[in-house]
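Some notes on the structure that comes next.
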Amino acid sequence: MNLRINKWIVTCIMSVAIVGNGVAQNSRTDKVQTYVMENPYPVEKIVPPTGTKVKNVILMIGDGMSLMHVYSAWTANRGKLYLENCEVTGLSKTYCANKLVTDSGAGGTAMAIGQKTNYHSVGVDVNGNPQPSLIKLAKQKGMSAGVAVTCRLWDATPADFCCHNTDRDNEDEIIADYVNCEADYVVGGGAKKFENRKDGRNIFKELEQKGYQVARSWEECKNLKSGKIFAVTDSVDTPLPAERGDRLAQSSLKGIELLNQNPNGFFMMIEGSQLDDYGHFNDLDLLMQETHDFDRTVGKILEWAAKDGETLVVVTADHETGGLTLIDGDKDKGEIKCKFSTTGHSGVMVPVYAFGPGAELFTGIYENTDIFHKIKSLLNL
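No gaps in the numbering here: position 264 of the sequence shown is 268 in my numbering, and each next residue is one more.
Here it is in structure tokens:
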């Protein structure tokens with residue numbers, strides 16, 4: 005059975021069985037879904053630092069997150085989001101080289117390598133040639149680099165920054181390519197494709213031979229204090245938000261703690277991966293849970309960056325998923341009424357938020373490839 009279909013079945017069951025942070029009604033694409041956030045979280049004001057030196061850059065990607073996702077989440081949380089602490093906003097054009105409506109492969113690759121590429125490609129140009137990502141360029145400069153996601157590591161966005169392939173569906177090849185990734189810290193799911201493979205390779209052992217400490221659980225990972233770490237915490241994706249808690253925030257801060265030991269600075273990509281899945285599934289409840297989890301993670305990262313003073317945080321998306329429309333609601337009650345127009349992606353521009361030194365470069369309307377070039381310039385890569 006197709007992984008996405010299989011997960012959709014599980015998601016539907018769990019949506020009924022699990023009481024999350026809100027309640028959604030009606031799961032059909034063609035009907036209005038109502039969500040009420042029963043336990044809103046407080047949002048503190050975070051003041052951006054006043055310095056101009058950019059030593060570190062943290063790029064945060066909400067997969068499939070549009071302005072409508074953000075505004076719906078803002079409404080549900082009673083008119084508050086950590087994202088609003090970002091002093092600069094912009095809009096990114098997401099089309100890829102051969103399609104108007106992109107996917108996470110081409111959308112993420114544009115930000116990773118600074119070139120538009122073909123639909124479904126990861127880490128390569130339009131001719132299929134591997135190109136150095138911000139991870140590679142940071143390492144070449146003597147900086148540290150890392151990735152933290154909530155999805156399987158063969159999924160498109162982490163692969164965009166760490167691997168190279170003309171088709172994101174070549175999952176076994178993509179996982180094998182992590183052996184060549186130079187990132188110092190990688191956290192995600194997808195253990196089942198690292199071992200017991202058809203080609204007989206054990207990617208975990210090969211990573212150990214490359215000098216990585218391989219962790220097979222989040223508990224094991226968080227106890228490591230230094231060195232190169234490759235943590236694959238789950239067989240496929242990480243659990244649903246209500247089950248995993250604030251693991252995205254924890255794994256992100258753990259990565260920052262380790263990468264920041266390098267006096268030359270670091271680049272890190274953090275993805276709220278499963279917003280995209282629940283947009284595809286047209287599941288408003290789980291979509292809002294994921295969006296709020298991502299926003300709370302943004303809050304933790306902004307707090308760290310504000311104290312550090314030399315870290316730029318950029319928050320954006322690779323595309324929109326689900327064609328979400330907010331048609332009604334009540335901010336005081338935390339209620340939203342939404343409809344989805346598709347189970348696929350839509351072709352809208354996505355927001356870009358920036359916080360910290362260099363943030364002023366991210367205002368305006370620009371190509372998604374410009375995010376790469378702005379970061380490259382600020383870090384002098």
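All residues carry an ideal CB built from backbone N, CA and C; glycine is no exception.
The Cβ-Cβ distance between Trp158 and Lys197 falls below 8 Å. For Thr38 against Lys380, the beta-carbon gap comes to about 44 Å, at or over 8 Å, which does not count as contact.
By the criterion of a C-beta distance shorter than 6 Å, Ser345 is surrounded in its chain by Gly327, once the five residues flanking it on both sides are discounted. Under the 8 Å Cβ criterion, the region 229-249 counts as touching the region 289-308, having at least three qualifying pairs. Pairwise C-beta distances place the region 63-80 in contact with the region 313-326, as three or more of them are shorter than 8 Å. Within the region 202-286, the complete beta strand (DSSP E) segments at least 3 residues long are 217-219, 233-236, 270-276, listed from N- to C-terminus. When rounded, the separation of the alpha-carbon atoms in Ala310 and Pro53 is 5 Å. Around the beta carbon of Gly204, fewer than 16 other beta carbons sit within 10 angstroms, so the residue counts as exposed.
For Lys341, the enclosing beta strand (DSSP E) starts and ends at 339-343. With respect to His168, Val128 sits close: the two C-beta atoms are nearer than 8 Å. Judged by pairs of C-beta atoms under 8 Å, the region 227-242 touches the region 184-199, as three or more such pairs exist. Leu87 counts as buried, since at least 16 other C-beta atoms from the protein chains shown sit within 10 angstroms of its C-beta. In this structure, Met272 keeps its C-beta atom at 8 Å or more from the C-beta atom of Leu279. The alpha carbon of Cys155 has as its nearest neighbour, out of Arg251, Leu383, Asn184, the alpha carbon of Arg251. Ala110 is not bridged by DSSP to any residue.
One Cα belongs to Phe376, the other to Val58, and the distance between them is close to 15 Å. Secondary structure at His377: helix, using DSSP grouped into helix, strand and coil.
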